[in-house]
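Chemist: Chain order of the listed sequences is A and B. Numbers 1 to 129, taken from the numbering used here, label the letters of the first sequence in order. Numbers 1001 to 1129, taken from the numbering used here, label the letters of the second sequence in order. We treat Cβ as the ideally placed atom computed from N, Cα and C, and that holds for glycine. Please read all numbers here as calculations on a predicted model, not as lab measurements. Quick one: structure below, then a few questions.
2 protein chains.
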Amino acid sequence: MNDIKQFLRSNALRPTKQRIVIAGYLFDGIDKHVTAESLSTELAKRKHIISLATIYNTLHDFYENGLLKKLTLSADRVYFDTNTDHHHHFYSEKEQFLIDINKNIKVNGLPKTPKNKKINKIEVIVHLD
Amino acid sequence: MNDIKQFLRSNALRPTKQRIVIAGYLFDGIDKHVTAESLSTELAKRKHIISLATIYNTLHDFYENGLLKKLTLSADRVYFDTNTDHHHHFYSEKEQFLIDINKNIKVNGLPKTPKNKKINKIEVIVHLD
DNA sequence: TCAACACTTTAGAATCATTCTAAACTGATA
DNA sequence: TATCAGTTTAGAATGATTCTAAAGTGTTGA
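This is the structure in structure tokens:
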């Protein structure tokens, strides 16, 4: 709890009740993929009612501070990943699930980067049926 | 023109005025990436006013028949790619542009596919700044 | 050629994730 | 503990996309 407060402070985020609850859930040591909706539902189960606006705000605050990765895999919901190490994903659109690939993947044969651009990151998504 | 009609018929799509215009634009031999909005604008420039609903319908009809690839790269607009060969992309979220990578890319080091699942496709997105 | 019908198009309403607004609230600081 | 910047929130707004249901149009068989 005080850990969480410190954790938030060290990221220049004021440790409010809501952020503590959300961070406590997200960063409990088990990597997770959440959407605003799924997070809201999960917290509600634990009797923590936090407005959706705050959930969106908080996810973005965390994302902007590098505490979450953002994944746009389908047009109708954005996923946030608590695993911020560089990694890739298995994804099933049909079943809407996401699995981290934590092995080292190599991508070979890339053409040269367009003029005046820099590669930010390479994202590999393995789509499953 | 008759080519386009045949082309549509061969894909079990009735060659309506609107589909002929849209297919004529999309499949002119030059690969393109469009969104519903960009397509609508492009056709309007050419004095072809087609309702957005029809543009969405048609893009999906084409997509379902394998004439277009669908790319969900940002949450707020879906791209359709006239290049349906298996290929990858450079993508700049900031500048909202998309470049096909037509070279052969190899992805090495994938872990084994989750039980009872099959790989549908592997998508590599090279994010640029 | 044409009637008949299934397939299409369309305007406008509806949907739904996400963002915005402006007011109430609260952690931090002196 | 008063003050104020940073937060939370309900509810409205946004914007891409989908839906609805009515009008329009290819296609086909005679």
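Using a Cβ cut-off of 9 Å, which residues of the segment 1020-1042 of chain B contact any Cβ in chain A, in chain order?
Modeler: Correct list: empty, as no residue qualifies.
Chemist: Ignore the nearest five residues each way along the sequence and tell me which others in residue 32 of chain A's own chain have a CB closer than 7 Å to its CB.
Modeler: To locate residue 32 of chain A, count along the first sequence from 1; it is residue 32. So the list reads 26 and 82, once near-sequence residues are dropped.
Chemist: Does any residue of chain B have a CB that is nearer than 8 Å to the CB of residue 16 of chain A?
Modeler: Within the first sequence, the letter at position 16 stands for residue 16 of chain A. Not one chain B Cβ lies under 8 Å of residue 16 of chain A.
Chemist: In whole angstroms, give me the CA-to-CA distance for residue 7 of chain A and residue 43 of chain A.
Modeler: For the purposes of this step, residue 7 of chain A is identified with residue 7 of the first sequence, where counting begins at 1. For the purposes of this step, residue 43 of chain A is identified with residue 43 of the first sequence, where counting begins at 1. Each residue's Cα considered, the two are about 20 Å apart.
Chemist: Under three-state DSSP, which class holds residue 1104 of chain B?
Modeler: In the second sequence, residue 1104 of chain B corresponds to position 104, counting from 1. Note: residue 1104 of chain B maps to coil in three-state DSSP.
Chemist: Of the residues A/126, A/52, A/24 and A/1, which one's Cα is nearest the Cα of residue 91 of chain A?
Modeler: Within the first sequence, the letter at position 91 stands for residue 91 of chain A. Out of A/126, A/52, A/24 and A/1, A/126 has the C-alpha closest to the C-alpha of residue 91 of chain A.
Chemist: Tell me which residues of the segment 69-80 of chain A have at least one Cβ-Cβ distance to chain B shorter than 7 Å, keeping chain order.
Modeler: Residues 72, 73, 74, 75 and 78.
Chemist: Give me the residue from A/121, A/11 and A/116 with the minimum Cα distance to residue 87 of chain A.
Modeler: Within the first sequence, numbered from 1, the residue matching residue 87 of chain A stands at position 87. For the residues A/121, A/11 and A/116, the minimum Cα distance to residue 87 of chain A belongs to A/121.
Chemist: Along the chain, where does the alpha helix (DSSP H) containing residue 9 of chain A start, and where does it finish?
Modeler: Against the first sequence, residue 9 of chain A aligns to sequence position 9. Start and end: 2-9.
Chemist: For a contact defined as C-beta to C-beta under 8 Å, what are the partners of residue 1128 of chain B on chain A?
Modeler: Taking the second sequence and counting its residues from 1, the one referred to as residue 1128 of chain B is at position 128. Residues of chain A passing the Cβ test: 113, 114, 117, 118, 119 and 120.
Chemist: If the criterion is Cβ atoms closer than 8 Å, does the pair residue 108 of chain A and residue 1108 of chain B meet it?
Modeler: Within the first sequence, the letter at position 108 stands for residue 108 of chain A. Within the second sequence, the letter at position 108 stands for residue 1108 of chain B. Yes, the Cβ-Cβ distance between residue 108 of chain A and residue 1108 of chain B is below 8 Å.
Chemist: Give the secondary structure of residue 1051 of chain B by DSSP, where H, G and I count as helix, E and B as strand, and everything else as coil.
Modeler: To locate residue 1051 of chain B, count along the second sequence from 1; it is residue 51. Residue 1051 of chain B: coil per DSSP, three-state reduction.
Chemist: Which residue marks the beginning of the alpha helix (DSSP H) containing residue 1041 of chain B, and which one marks its end?
Modeler: In the second sequence, residue 1041 of chain B corresponds to position 41, counting from 1. Residues 1036-1045.
Chemist: In this structure, what does DSSP give as the bridge partners for residue 1081 of chain B?
Modeler: Here residue 1081 of chain B is taken as the residue at index 81 of the second sequence, counted from 1. Residue 1081 of chain B is bridged to B/1033 and B/1069.
Chemist: Where do the ends of the alpha helix (DSSP H) carrying residue 1017 of chain B lie?
Modeler: For the purposes of this step, residue 1017 of chain B is taken as the residue at position 17 of the second sequence. Residue 1017 of chain B -> alpha helix (DSSP H) spans 1017-1026.
Chemist: For the candidate residues A/104, A/110, A/114 and A/67, whose alpha-carbon lies nearest to that of residue 28 of chain A?
Modeler: As a first step, residue 28 of chain A is located in the first sequence; it is residue number 28 there, counting from the start. When each option's Cα is compared against that of residue 28 of chain A, the closest is A/67.
Chemist: Please classify residue 59 of chain A as buried or exposed, where buried requires at least 16 neighbouring CB atoms within 10 angstroms.
Modeler: To locate residue 59 of chain A, count along the first sequence from 1; it is residue 59. It is buried - the Cβ of residue 59 of chain A has at least 16 other Cβ atoms within 10 Å.
Chemist: Go through its chain and collect everything with a Cβ distance to residue 22 of chain A's Cβ below 6 Å, but skip five positions before and after it.
Modeler: Here the question's residue 22 of chain A lines up with position 22 in the first sequence. Cβ neighbours of residue 22 of chain A beyond the five flanking positions: 58.
Chemist: What's the call for residue 3 of chain A, buried or exposed, on a 16-neighbour Cβ count within 10 Å?
Modeler: Here residue 3 of chain A is taken as the residue at index 3 of the first sequence, counted from 1. Residue 3 of chain A should be labelled exposed.
Chemist: For chain A, check one thing: does any of its Cβ atoms lie closer than 8 Å to the Cβ of residue 1052 of chain B?
Modeler: Position 52 of the second sequence holds residue 1052 of chain B. Residue 1052 of chain B does not count as touching chain A.
Chemist: Starting from the Cα of residue 1034 of chain B, find the closest Cα among B/1055, B/1129, B/1110 and B/1085 and give me that residue.
Modeler: Here residue 1034 of chain B refers to the residue found at position 34 of the second sequence. Measuring from the Cα of residue 1034 of chain B, the nearest candidate turns out to be B/1055.
Chemist: In terms of residues, what are the limits of the beta strand (DSSP E) holding residue 1120 of chain B?
Modeler: As a first step, residue 1120 of chain B is located in the second sequence; it is residue number 120 there, counting from the start. 1119-1128 is the extent of the beta strand (DSSP E) around residue 1120 of chain B.
Chemist: Leaving out five residues before and five after residue 1063 of chain B in sequence, what residues of the same chain have Cβ atoms less than 7 Å from its Cβ?
Modeler: As a first step, residue 1063 of chain B must be located in the second sequence, where it is residue number 63. The residues are 1070 and 1080.
Chemist: Taking CB distances under 8 Å as the criterion, tell me whether residue 62 of chain A reaches chain B.
Modeler: Counting from 1 along the first sequence, the entry for residue 62 of chain A is found at position 62. False, the Cβ-Cβ gap to chain B never drops below 8 Å.
Chemist: What are the boundary residues of the beta strand (DSSP E) that includes residue 1089 of chain B?
Modeler: In the second sequence, counting from the first residue as 1, residue 1089 of chain B sits at position 89. First-last of the beta strand (DSSP E) with residue 1089 of chain B: 1088-1092.
Chemist: Under 8 Å between C-beta atoms, does residue 109 of chain A make it to chain B?
Modeler: Counting from one through the first sequence, the residue named residue 109 of chain A turns up at place 109. So, interface residue.
Chemist: Are the C-beta atoms of residue 1104 of chain B and some chain A residue less than 8 Å apart?
Modeler: As a first step, residue 1104 of chain B must be located in the second sequence, where it is residue number 104. Yes, its Cβ sits closer than 8 Å to a Cβ of chain A.
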